[in-house]
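Shown next, in structure tokens, is the structure this report addresses.
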Amino acid sequence: AYPDGLAPSGCAHMMGDVWEWTSTEFDAYPGFRAFPYREYAEPFFRDGYRVLRGGSWATQSVAARATFRNWDLPQRRQVFAGMRVAWDAA
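Counting in the numbering used here, the sequence shown runs from 112 upward without gaps.
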């Protein structure tokens, strides 16, 4: 995601390796309108789906960013999704 390798914060691998799981239930943002692709996202709101963020190594570069949302069921194993382990270094 960063041409020189590290993010401005000094962190590496912040985007683009795997979709990052979150604990957030997949639902519409306030003001969401499904038109013209109602069948794409709306049927998956709630019903156990969780938000994935970022993008994987297979995501087109125009979509691989921290604000991009995807969704899946947490019990489904797939090569494109993973998690980030983080802790407070202080």
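By construction, the Cβ of each residue, glycine as well, lies at the ideal position given by its N, Cα and C atoms.
Item	Value
At least 3 beta-carbon pairs within less than 8 Å: the region 192-199 vs the region 135-144	no
Nearest-angstrom beta carbon gap, residue 166 and residue 130 [assumed within contact, 8 Å]	6 Å
Contact check, residue 135 vs residue 157, beta carbons under 8 Å	no
Residue burial classification, residue 117 (beta-carbon count within 10 angstroms, cutoff 16)	exposed
Sub-8 Å separation of residue 163 and residue 183 beta-carbons	yes
Distance, residue 146 Cα to residue 152 Cα	10 Å
Residue 191 beta carbon less than 8 Å from that of residue 169	yes
Straight-line Cα distance separating residue 200 from residue 123	16 Å
DSSP state of residue 155 mapped onto helix, strand, coil	helix
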